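Take a look at the structure set out below.
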Amino acid sequence: MTFSAILLPRLAYGDMLEDAFTIALPSLFLMMAIFVLNDFNDRDKDAVNSPKRPIPSMLVSDNSAILLYFTLLFASMASILYIDSSFVKCIYFSFAIIGLNYDHANRQFPAIKNLYVACCFQLLTMLVVFDNPNVPRSILLCAAIFIHRLGIEMSMDIVDMKGDGRTIANIIGASNAVIASTALRLASAIAMIAAITTQAGAIIVALIFLCEALIFRLWRAEGYRRSAILVMKGEIALGVAFLSFA
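Basically my numbering = 1-based index in the sequence shown + 12.
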């Protein structure tokens, strides 16, 4: 998803396929490395919250996970060095430092977990939105993407409250966290209305509001909360489409 979120908008903004692919490729390897490392570090917690994941279920051994992590990390560093732009390299190295230290930050300061993840993803957003010459629109889109990601992270913490530390969801309570998460996602969609420049953009924003209605129904049926999270992630795909075509 992150790879597509960089590749497609850059193609839409006029990059050649080879250039867009070169800039987007490190995000694929880095995201995979970060997810493998986080799954490895969270294996005890996931045994409570998500026992069917590959590492807690022993589908993937600890040694295999670490080997895969270092392979992906090497591939990501090699692909970053292939990029000419110093700005893009700086963004990727910053993303790597922040992303790979997520577990340490989360263990020491669980209350800032949602903010930390949203800031991490915001770095990659800069690879796309600031190539757009319309600076006010770029800032608006950055804000919309940031608060939407913040809302998703908060919702995920509500589902995983049992095995988490003192995250925002645990501090303010599930009910208040649901309200805050919904408000953030709706604020993001409203901000996107102001950034619409094409008919395709209007259709995409309308679909996002329909997704929010579906999320509301799924969330109220408690057994479908993880399905609601998947719909939220589907909204990210719509956001990619918005960046590319709106």
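All C-beta atoms in this analysis are idealised placements derived from N, C-alpha and C, irrespective of residue type, glycine included.
A quick note: this is a predicted structure, and the numbers were derived from the prediction, not measured.
Coil, strand or helix - residue i by DSSP
{"i": "Y236", "result": "helix"}
{"i": "D74", "result": "helix"}
{"i": "P66", "result": "coil"}
{"i": "D54", "result": "coil"}
{"i": "A45", "result": "helix"}
{"i": "G185", "result": "coil"}
{"i": "R178", "result": "coil"}
{"i": "D115", "result": "helix"}
{"i": "A207", "result": "coil"}
{"i": "F121", "result": "coil"}
{"i": "I95", "result": "coil"}
{"i": "Y25", "result": "coil"}
{"i": "D169", "result": "helix"}
Backbone CA spacing between residue i and residue j [nearest angstrom]
{"i": "S106", "j": "A206", "result": "30 Å"}
{"i": "N182", "j": "V171", "result": "11 Å"}
{"i": "L23", "j": "S97", "result": "17 Å"}
{"i": "A27", "j": "A36", "result": "Reading off the sequence shown, one finds Asp at residue 27, where the question assumed Ala. Straight-line Cα distance between these residues: approximately 12 Å."}
{"i": "V243", "j": "F33", "result": "27 Å"}
{"i": "A186", "j": "V100", "result": "38 Å"}
{"i": "A17", "j": "V141", "result": "11 Å"}
{"i": "L196", "j": "I184", "result": "15 Å"}
{"i": "I78", "j": "K64", "result": "19 Å"}
{"i": "T14", "j": "L255", "result": "13 Å"}
{"i": "A189", "j": "S239", "result": "18 Å"}
{"i": "I280", "j": "L29", "result": "Residue 280 is absent from the model: the chain starts at 13 and stops at 258."}
{"i": "A108", "j": "V72", "result": "24 Å"}
{"i": "N113", "j": "Y236", "result": "31 Å"}
Pick from the options that is closest to residue i, judged by C-alpha positions
{"i": "D115", "options": "I191, F47 and G26", "result": "F47"}
{"i": "L226", "options": "A214, T34, K245 and L255", "result": "K245"}
{"i": "A199", "options": "A155, A212, R237 and S239", "result": "A155"}
{"i": "A201", "options": "V190, N188 and I215", "result": "I215"}
{"i": "E224", "options": "G235, I191, T210 and I208", "result": "I191"}
{"i": "F121", "options": "S39, T14 and I180", "result": "I180"}
{"i": "L230", "options": "F257, T137 and T194", "result": "T194"}
{"i": "M70", "options": "Y81, D56 and A123", "result": "D56"}
{"i": "R178", "options": "C132, A212 and A123", "result": "A123"}
{"i": "L84", "options": "D54, M43 and S62", "result": "M43"}
{"i": "N50", "options": "L139, F257 and G111", "result": "G111"}
Any non-hydrogen atom of the ligand MN closer than 7 Å to residue i Cβ
{"i": "I215", "result": "The model depicted lacks the ligand MN and carries no ligand whatsoever."}
Contact check, residue i vs residue j, beta carbons under 8 Å
{"i": "S76", "j": "F41", "result": "no"}
{"i": "L162", "j": "A130", "result": "yes"}
{"i": "M166", "j": "N118", "result": "no"}
{"i": "I241", "j": "M168", "result": "yes"}
{"i": "I159", "j": "L135", "result": "no"}
{"i": "D31", "j": "F52", "result": "no"}
{"i": "Y94", "j": "A45", "result": "no"}
{"i": "S88", "j": "P38", "result": "yes"}
{"i": "A212", "j": "F257", "result": "yes"}
Flag this pair as touching only if the stretch 217-226 and the stretch 240-253 have three or more C-beta atom pairs under 8 Å; answer yes or no.
yes
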